[in-house]
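Novice: Its first residue numbered 339, the sequence shown is counted upward by one per residue in this note's numbering.
Glycine included, each C-beta is placed from N, C-alpha and C at the ideal position.
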Amino acid sequence: MTEPLEHRDIVTAAAFSPDGARVVTVSRDHTAQVWDARTGKPVTEPLEHRGWVRAAAFSPDGDRVVTASDDRTARVWDARTGKPVTEPLEHRGWVRAAAFSPDGAHVVTASDDHTARVWDARTGKPLTEPLEHHDWVTAAAFSPDGARVVTASADHTARVWELPVDPGLLGDWQRRARCAPFALEGGVLGANHSPCP
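#1: Please classify P356: does DSSP put it in a helix, a strand, or coil?
#2: Out of curiosity, what's the CA-to-CA distance linking T382 and L469?
#3: Got a sec? Which residues, its chain only, sit under 6 Å from D416 by beta carbon, not counting five neighbours each side?
#4: Mind checking whether A395 and A353 have CB atoms under 7 Å apart?
#5: Taking the alpha-carbon of V414 as reference, which of D347, W390 and K463 has the nearest alpha-carbon?
#6: Below 8 Å CB to CB, which residues in the same chain sit around T461 once its five sequence neighbours on both sides are set aside?
#7: What are the boundary residues of the beta strand (DSSP E) that S481 is part of?
#8: For T419, does the count of other Cβ atoms within 10 angstroms reach 16, so buried, or fall short, so exposed?
#9: Classify L341 as helix, strand or coil using the three-state DSSP reduction.
#10: Starting from V487, follow the beta strand (DSSP E) in both directions and report where the run begins and ends.
#11: By Cβ distance, which residues of its chain are closer than 7 Å to E341, with the 5 residues on each side in sequence left out?
#12: Using the Cα positions of S355 and S439, report the straight-line distance between them to the nearest angstrom.
#13: Based on DSSP bridge pairs, tell me the residues matched to V446.
#14: Spatial neighbours of A351 within its chain, please: CB distance less than 6 Å, with the 5 preceding and 5 following residues excluded, ordered by chain position.
#15: With burial defined as no fewer than 16 other Cβ atoms inside 10 Å of the residue's Cβ, what is the status of D473: buried or exposed?
#16: Where does R413 fall in DSSP's three states?
Next comes the structure, spelled out in structure tokens:
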């Protein structure tokens, strides 16, 4: 067991790197921190936001970390130096979640602005129009093959968005996406494959 991995306020989430050698923690103190999982020593300087940091995840290769914050941004960082890799990934509301695609090329973010977005993880450029819900988006994740994104929302639905095979068509994704709303009925998720409203 290591010494406690300490922040200056409540620690809201923590995750291991894919190889288990490091841990990332996030806190209401407006920072995330990457630690050596064996020694408990910080690997980088604090990864600073301007608001409560709600979530963080390592890229599949462990080289980068994405953080999501109440400052209305997600940020992609070099997990070894703590330097930002891209410009901030900006929403119009708190960013509640962020995750890498299985190949590490893209990031998906979920926000209180009722949208999720897909971004280029190396340039920080948005690759889609906003993926819209009728209330704040609580979570988002890629499928294991990276071909789809699932989003969850306070509007009582989850939605599955299918990416085009050609990455050059990602900008058209919102107009051409197939969307499957899911509703919780009797404790079971059921899908309605009609077009999304």
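Specialist: Put simply:
#1: Taking the first residue of the sequence shown as position 1, residue 356 is located at position 18. Coil, per DSSP.
#2: In the sequence shown, the residue the question calls residue 382 occupies position 44. In the sequence shown, the residue the question calls residue 469 occupies position 131. The straight-line gap from Cα to Cα measures roughly 33 Å.
#3: Along the sequence shown, read from residue 1 onward, the residue named residue 416 stands at position 78. Only V423 meet the Cβ criterion.
#4: Translated into the one-based positions of the sequence shown, residue 395 becomes position 57. Translated into the one-based positions of the sequence shown, residue 353 becomes position 15. Judged by their CB atoms, A395 and A353 are nearer to each other than the 7 Å cut-off.
#5: Along the sequence shown, one-based indexing puts residue 414 at 76. The shortest Cα separation from V414 among D347, W390 and K463 belongs to K463.
#6: Taking the first residue of the sequence shown as position 1, residue 461 is located at position 123. These residues qualify, in order along the chain: T424.
#7: Against the sequence shown, residue 481 aligns to sequence position 143. Note, S481: premise wrong, no beta strand (DSSP E); not H, not E.
#8: Indexing the sequence shown from 1 puts residue 419 at position 81. Per the 10 Å Cβ criterion, exposed.
#9: Walking along the sequence shown from the start, residue 341 turns up at place 3. In the sequence as displayed, the identity of residue 341 is Glu instead of Leu. Correct three-state label for E341: coil.
#10: Position 149 of the sequence shown holds residue 487. Unbroken beta strand (DSSP E) run through V487: R486 to S491.
#11: Translated into positions along the sequence shown, residue 341 becomes position 3. Within the same chain, E341 has close Cβ partners G378.
#12: Counting from 1 along the sequence shown, the entry for residue 355 is found at position 17. Counting from 1 along the sequence shown, the entry for residue 439 is found at position 101. Using only the alpha carbons, I get a separation of about 15 Å.
#13: One-based indexing of the sequence shown puts residue 446 at position 108. For V446, which the question treats as bridged, DSSP gives the partners A437 and V456.
#14: Taking the sequence shown and counting its residues from 1, one reaches residue 351 at position 13. Non-local C-beta neighbours of A351 in its own chain, meaning closer than 6 Å and more than five positions away in sequence, comprise V364 and A393, ordered along the chain.
#15: For the purposes of this step, residue 473 is taken as residue 135 along the sequence shown, with counting starting at 1. Answer is exposed; the Cβ neighbour count stays below 16.
#16: To locate residue 413, count along the sequence shown from 1; it is residue 75. DSSP places R413 in strand when its eight states are reduced to three.
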